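Notes follow once the structure below has been shown.
Residue numbers (the working numbering): 5 to 161.
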C-alpha cells in the first residue's frame with residue numbers, strides 16, 4: 005500500500021514539474037515575442053484612450069437614459085392633463101348646450117308673452133279707435149233714423 009502512495013506521489017510530482025517547466029520555458033524566460041506583442045496586445049495609451057472614451061459614452065448613455073425617463077414622465081403627465089382637459093371641455097360643452105336650450109325656451113316664452121300683451125293692447129286700441137270712429141257715425145245714423153221716423157210720422161198724420 006505504501007508503494008502505491010509512493011508511486012502516485014512521484015507521478016504527481018513529475019507531472020507538476022513538467023507543467024511548470026513547460027509554462028516557464030515556453031514563453032522564453034517570461035518574455036513575449038515582439039511580433040506576438042504587436043499582434044495580440046494593445047498599447048497602454050490606446051487602451052487608456054479607449055477606456056476614457058468608453059467612460060464618456062457610458063456617462064452620455066446614462067444621461068440620455070435619465071433624460072428619456074424625464075421625457076417619459078413629462079409625456080405621461082401631459083397625457084393625463086390632456087385627458088383631464090378633454091373631459092372638462094366635454095362637460096363644459098354639455099353645460100353650454102343645456103344653457104342654450106334654456107335660453108331658447110326662455111326667449112320663446114318671453115316672445116310669446118310679449119306677443120300676447122301687444123296683441124291684447126293692439127286689439128283694445130283698435131276697438132277704441134273703431135268706437136271713436138263709429139260712435140259719431142252711429143249717432144248720425146240714429147239722428148237720421150229719428151229724422152226719418154219723425155217725417156214718416158208727420159206725413160202719416
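Backbone N, C-alpha and C fix where the C-beta goes; we use that ideal spot for every residue, glycine too.
What you are looking at is a predicted structure, and each value in this text was computed from that prediction instead of being measured.
Taking the alpha helix (DSSP H) that residue i falls in, what are its first and last residues?
i	result
residue 128	48-160
Take residue i and list the residues in its own chain whose beta-carbon comes closer than 7 Å to its own, dropping the five residues that flank it on each side.
i	result
residue 185	With the chain represented from 5 up to 161, any question about residue 185 goes unanswered, as that position is not in the structure.
Excluding sequence positions up to five away, which residues of its chain have a Cβ less than 6 Å from the Cβ of residue i?
i	result
residue 120	none
residue 58	none
Tell me which same chain residues have a C-beta within less than 8 Å of the C-beta of residue i, skipping the five on either side of it?
i	result
residue 75	none
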